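Working notes, beginning with the structure itself.
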Amino acid sequence: MPDAFPRAVGVQDGRTPVIKYLLKRAATYVVMIFLTTSAGYFLAVSTMSPSLIEQEKIPRPTPEQVARSLASKNLDPAMNPWDRYVQWLTGVVTRWDWGLGPDGGSVNSAFGDRVWVSTRLFLAAIILTLVIGVALGVFTAARQYKASDRVITSYSYLTYIVPAPIAYFLVQLAAININDASGQTIFYVTGISTPGMDPGWPTFVDLVAHYVVPTFAITLVGWGAYQIAQRQYLLDNVNADFVRTARAKGLTRNQAIRKHALRVSFIPVAQTIAFAVPAIFVGGFFAESIFAWPGIGFWSIDAIGKQDVNAATATLAYGSVIFAVGAVLADLATALVDPRVKVS
Amino acid sequence: MTTVERLHVPGTRAPGDAVLSVRDLNVRFNSENGVVHAVRGVDFDLMPGKTLGIVGESGSGKSVTSMAIMGLLPDAAEIDGSVMLKGQELLGLSDSQMCKYRGSELAMIFQDPLSSLTPVFTIGDQIVEALTVHNPKMSSKAKAARAVELLRLVGIPSPEARLKSFPHEFSGGMRQRVMIAIAIANDPRVLIADEPTTALDVTIQAQVLEVMHKAQEETGAALIMITHDLGVVAGMADDIMVMYAGKPVETGTVDQLYYSPRMPYTMGLLGAVPRVDKSAQTSLVPIEGMPPNLLTAPTGCSFAPRCPLAGPECLDGEPALLTVADDGGAGHRAACVKLAQLADVDVHEVFKAPPVPVSRFAGVPREERGTVLRLNDVKKHFPLMKGSLFKKRIGTVKAVDGISFDVREGECFSIVGESGCGKTTTLLEIMEFNKDQPGEVEIGGLNSKSAVSGSQKQAMRKELQMVFQDPTGALDPRFTVYEVLAEPLQNQGMPKEQIRKRIMELMRLVGLQPDHVNRFPNQFSGGQRQRIGIARALAVNPKLVVLDEPVSALDVSVQAGVINLLDKLRAELGLSYLMVAHDLSVVRHISNRVAVMYLGKIVEIGDVDSVFDSPRHPYTRALLSAIPVPDPEAERTRERIILSGDLPTPLDAPQGCNFASRCPIFAALPEEKRSTCLDLEPPLESGGTDHRFACFFPDRELDADMLVQHETADAGGL
Amino acid sequence: MSVVNEVTAEMQAERLEHDGVVISKGRIIFRRFLRNKTAVAGLTLFLFLVVFSVLGQFLTPWTKNDIDPAYIGDAPSAEHFFGTTQAGVDLYILMVEGLRTSIVIGLVVGLGSMLFAAVYGCVMALYGGKVDKVMLFILEALIMMPSLLVVAVVTSGGSVGKASLPSWLTLTIVLLVFNWMGPARLIRSISMSLIERDFVKAARYMGVPTRDIVRKHLIPNIGSLLVLEITRGVTLAILLEVSYSFIGVGIKPPDMSLGILIGQASQQVSSFPWMFWFPLLAMFALTGSMAMMNDGLRDAFDPSSASVGRTRKRKARTAQEKTA
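Residue numbers (this note's numbering), protein chains in the order written: chain A, 323 to 666; chain B, 9 to 726; chain C, 7 to 330.
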């Protein structure tokens, strides 16, 4: 008979300890990140031409000036791409130097704070998306075919056909309208902080207040998929043989479902974290563009517009790392909820 | 009959003594196609400490009955009648009220041990949960101690350590033991077992049945044993109830039912089961047709459409259960209007069992027949890898380890053994017919080492066809029967007009209506699908048909028809069969020769009667003794060999005898002789004409701990 | 007994059709699809949008290069059905063109990536071993690449002079490259389980060549999944185009698309609301029509007994009605 449960990741022979398994996975991902980043570098070098932007400067520089200026930043378009790649890679590997932009700004320093601004936003959104999605999934599964289930599940299906940035924009629009209607700033719809705040507590409160709208927007369109998945997995398990066994022991139907079916239904949901993280990452990029947040997303799209090869490559590497972290987290979460994957 | 009247139906015992009384139980479900009346008026009384066997085929309502008693049916089910547990009415209680009884007074063991335990909780937690629900004040120390006690009772080695194990670390047999431990945790008065051993191998089934015996002894519980296997209940039950189409059609003591059945359905069922302990002299009794679908109320006897004795009187209202007057009277009741005339009829005559077909090869001695298949030292070893990034070979699984045999024209050669013994892998190795495999396969004179060209392989494929175990999976759901049957013919390049003619021929040959060729497989029953599979295998006129468990997915009554068909085809078409099966009764019925496999090796091989009547290898002896036979007297007095432990994995098998770890002879051997078994591999030695086995000490005595005999009829250990 | 006769007669008629098994199967699928009202509505809506995007330009005298000085930033009127932009260009004609771009991108990416995924997935499943391992590695590496950034990089280069591909074509290619991995992995696992099924084994043991097994057993059995993945892929491509263009990294003017229209209008949504809402509604109509078709397609391709039962029941009912 087929296994009643999807085969958990990492169950090779039942003996591989998870930590070792995760390390091996991580090693594979390092190789993949290296490859995607290198591919990204070549792609950027071959499609971008910073000299065109440079020439739009006022006063207009001579082509020689432009070439000299770019060459000094290791951005010489005349140089062959492979040599540029070797030079760039040497910088990254030996000095952790991700290069300079056409304007001479260092990618490392530009990344600096922005990484934390973005990562904080992603983290808050991922946690909220999962928690709300799973909670609503359980809630609706318990009320299958009742009005609340129909409304929530229909909403979740609706999120499948709405482009994320438009949803964020509509949220922003609604917040602006509420602000206008009330005549005061209830919601902060752009930026991450109000300039000139007192340090300490007021700054923190201000920061949190600025997080509200973007986090809400990302979560609002993100949870749908998890609600549907969790609802389905739980319903799949409600009539499982082991729930019947629990009832035969003397547990009521609800007790048996709460204790046995629920826990088992978390296993496939944990595996989908691998997809949640990239989705939120992309969502975060859109959100930063729309809410004008000084994060990686906003900055990199701007930098790519300015034909900044090194910024583009660095962001690509950052994205690959986030995706890999998502995959590893999914493995870890699965190991936590499924004893068939052993933690040592 | 109204409920009140029914309550006055005189039974063997006064209902007052009964621990469980069921009266006029009816269950209806709403389905897409209408209301299904799944259980239609079940009555029985269960006496303390006694065992009631409920026997029926799939869809007979036996499992629904048990779920109704437990209160585990979905809310949508409509249940009426009465279920009294020690005088307390259970029907109509709410889920939470029922919980007082479930798991304490009333416990249940389910069919599939693999899915019946929650995968994410430890065995210990799941047993303790059963204790906690009914004994909230019990200390956790006491609960842990009780859990250990229970695991020891059901025969789990080192129970303290095993408490922390998860279900996936247990084999199927072990998990079923855990299920039994959970069921008896609170000393129930009534224990319901729904096909508890159907999913298990024969030797494991024998172990689990022993554990159930023991559990019943310990708790003194009354047992309801639900099964389709007339052999399993023959030795265990005191009373039997046979169900058909949601209704009990015959009830009585086990001896009455088996030795003088009165309802034609019961008679047919008993005649449909092949016997492992007797050589086949007659064909099996086939029961034609299919059970009714229970969407519409039957106007006459529900078995009438399939009954060879049915007359006009059978169509006039459903017959009630009537007492069989001439059979000692007490308690034997059957639902048949003709029961008085059925005292001493021959079931084979009644059901028109076909005559035993005689093959044209029957008179030819085996040595003079041509060889259609020959295997020489065939091996299949799988590397066992470990690690995910850099794989390391940590060992070898010897799934098939040096198998040699031959199959002659017109004979049926069977390979038997438990799951994991390598019998199916052997079949697949033959079907692959690849020159890179170790050992030689020779089919119709073509050798796997030399026949490498495409046309030679194509010629080989014409000689050899296969019938699969699962008739549903073997047919593409998107093909009509016509397309299914045309595929091998098209592949052999037959012109369209001939294909059409051949398909009509095939349909008639396997007993299907030729005008059904445009239907899809899902419009047929399981037995019919298997007939389609057989027709496909025969399409290109092969000499040898490979049968992989051809009837194990079918109900008993359907199985008989398919076995008879296989028998007939072999005789009429002069076919040879190579069959793999775990059901030794079926093997005995249709085979001429048999090989017993254990961990990739043949341990005994020879003429089927010789091997089954005087087995020499201890594994063959254990296997044969583990198979329940539908004969209560024989079951009770038989001496059984209960092997200890599970089948070991064939990973780096020891250099000596593979079976030593479970062998009852080895266990009783004096220390100095044991080294022979451990160091040397026993060769296949001749034990008479066409009978060879691989054991150094076949005639030494068996270990007494592994022998079980259930005394006399009445004591029965109950 | 006339009911029985009627039913047998119908069966006989069906048997006469037998020679064209494939055709009659297609007809069964089509009939089942038509039975689902929502799906039919979805299909109708989709076809209407396609026709509109192709022929809509002939219903108005305006082109996207015309500027109507009399109606600058004007609300919908008889002259300009959907109003004009703040530059005085007719929104109707822009939407016809935008919709066309979206539909083309959706269909090309949806069909193309799914076709590629089917081939890639089947090859992985059929060959297994090293081939499977290498192909899986490539697949996973591509999944690791944030496609949003690749789109941004590639389309940013093309926009600044230089003879290069139009931005909608660049976007289509990038979407094609980055949208086949998920379905390919799904098709791989389903094909793998199909190959293990007994009916495929049976065909192999009969000596049926691999290409026939793929054509007759594998493809039909993953067919329903493929169809669903195609509608999903089309929807996803349309959504991605809108998303990317909305934040300014996908399609760039002078190419027109729904995403660009929505993106440009979002800057002045309070002053020119029609410029925002009309393209948005068009996009919802497009993705919505796909979602509406999904259920019907799944039912139509499902060989499970339920739908067959329904068919038979319906036949029996019509037979009854005839006799009544």
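Don't be surprised by glycine CBs; every beta carbon is placed ideally from N, CA and C.
Nothing here was measured: the structure is a model prediction, and the numbers come from that model.
Item	Value
Residue burial classification, ILE341 of chain A (beta-carbon count within 10 angstroms, cutoff 16)	exposed
Inter-residue CB distance, PRO294 of chain B and GLU326 of chain B (contact presumed, cutoff 8 Å)	Incorrect: roughly 24 Å between the Cβ atoms, too far for contact.
Partner residues on chain A for ARG534 of chain B, Cβ-Cβ distance less than 8 Å	Per the sequence shown, residue 534 of chain B should be read as Gly rather than Arg. Per Cβ cutoff of 8 Å: no residues; GLY534 of chain B is ~16 Å from chain A at best.
Pick from B:VAL525, B:ILE635, B:ILE507 that is closest to MET515 of chain B, judged by C-alpha positions	B:VAL525
Amino acids of chain B, ordered along the chain, whose beta-carbon sits closer than 9 Å to that of ASN227 of chain C	ASP484, PRO485, ARG486
Closest Cα partner of GLY48 of chain C within the set C:ALA124, C:THR241, C:GLY254, C:VAL248	C:THR241
Contacting residues, own chain, Cβ-Cβ under 6 Å from SER642 of chain A (five flanking each side not counted)	ILE355, THR358
Residue-chain proximity (PRO172 of chain C, chain A), Cβ-Cβ < 8 Å	no
Amino acids of chain A, ordered along the chain, whose beta-carbon sits closer than 7 Å to that of GLY111 of chain B	ALA570, LYS571, GLY572
SER633 of chain B, DSSP secondary structure in three states	helix
Cβ separation of ILE266 of chain C and LEU286 of chain C, assumed to be a contact under 8 Å, to the nearest whole Å	At roughly 13 Å, the Cβ-Cβ gap does not stay under 8 Å, so ILE266 of chain C and LEU286 of chain C are not in contact.
Through-space distance from TRP174 of chain C to ILE111 of chain C, alpha-carbon basis	8 Å
LEU573 of chain B - DSSP class collapsed to helix/strand/coil	helix
Inter-residue spacing [alpha-carbon to alpha-carbon] between PRO626 of chain B and GLY403 of chain B	28 Å
Chain B contact for VAL137 of chain C (CB, 8 Å cutoff)	no
Short CB-CB distance (under 8 Å) between MET198 of chain C and chain B	no
DSSP three-state assignment for LEU495 of chain A, whether helix, strand or coil	helix
Spatially closest choice to MET251 of chain B from B:GLY430, B:LYS70, B:GLY534, by CA coordinates	B:LYS70
Backbone CA spacing between LYS321 of chain C and MET299 of chain C [nearest angstrom]	Caution applies to LYS321 of chain C, whose pLDDT of 39 falls short of 50 and renders its modelled position unreliable; the value that the coordinates give is listed next. Cα-Cα distance, rounded: 25 Å.
Test: ASN11 of chain C CB closer than 8 Å to a CB of chain B	Confidence in ASN11 of chain C is poor, its pLDDT being 38 and thus under 50, which makes the residue's placement unreliable; the coordinate value appears in the next sentence. No - not a single Cβ of chain B is within 8 Å of the one on ASN11 of chain C.
Where the alpha helix (DSSP H) through ILE188 of chain B begins and ends	180-191
Run of the beta strand (DSSP E) containing SER427 of chain B, from where it starts to where it stops	Taken as a continuous stretch (DSSP letters only), SER427 of chain B belongs to no beta strand (DSSP E), as it is neither H nor E.
Euclidean distance between Cα positions of THR656 of chain A and VAL591 of chain A	9 Å
Proximal chain A residues relative to PHE118 of chain B, where beta-carbon distance stays under 9 Å	ASP563, ARG566, THR567, ALA570
Cross-chain neighbours of ASP478 of chain B in chain C, by beta carbon under 7 Å	ASP204
GLU709 of chain B to THR684 of chain B span [Cα, whole Å]	16 Å
Short Cβ contact (8 Å threshold) for ALA153 of chain B with ILE135 of chain B	no
Contact with chain C by ILE739 of chain A, beta-carbon distance below 8 Å	Since the first and last residues shown for chain A are 323 and 666, residue 739 of chain A lies out of range.
Listed by chain order, chain A residues near THR126 of chain B by CB distance under 9 Å	ALA562, PHE564, VAL565, THR567, ALA568, LYS581, HIS582, ALA583, ARG585, VAL586
Distance CB(THR107 of chain C)-CB(ILE483 of chain A) smaller than 8 Å	no
Minimum Cβ-Cβ distance from ARG329 of chain A to chain B less than 8 Å	With a pLDDT of only 33 at ARG329 of chain A, under 50, the local geometry of the prediction cannot be trusted, and no value is derived from it.
Chain B residues whose Cβ lies nearer than 8 Å to that of VAL659 of chain A	VAL128
Complete runs of the beta strand (DSSP E) confined to the stretch 189-267 of chain B [at least 3 residues]	198-202, 230-235, 247-252, 255-261
LEU245 of chain C: CB within 7 Å of a non-hydrogen atom of the ligand NAD	This structure does not include the ligand NAD; it has no bound ligands of any sort.
Under 9 Å by beta carbon: chain A residues contacting THR293 of chain C	TYR482, ILE483, VAL484, PRO485
Close beta carbons around ASP528 of chain A, own chain, < 7 Å, minus the five adjacent residues each side	SER515, THR516, MET519
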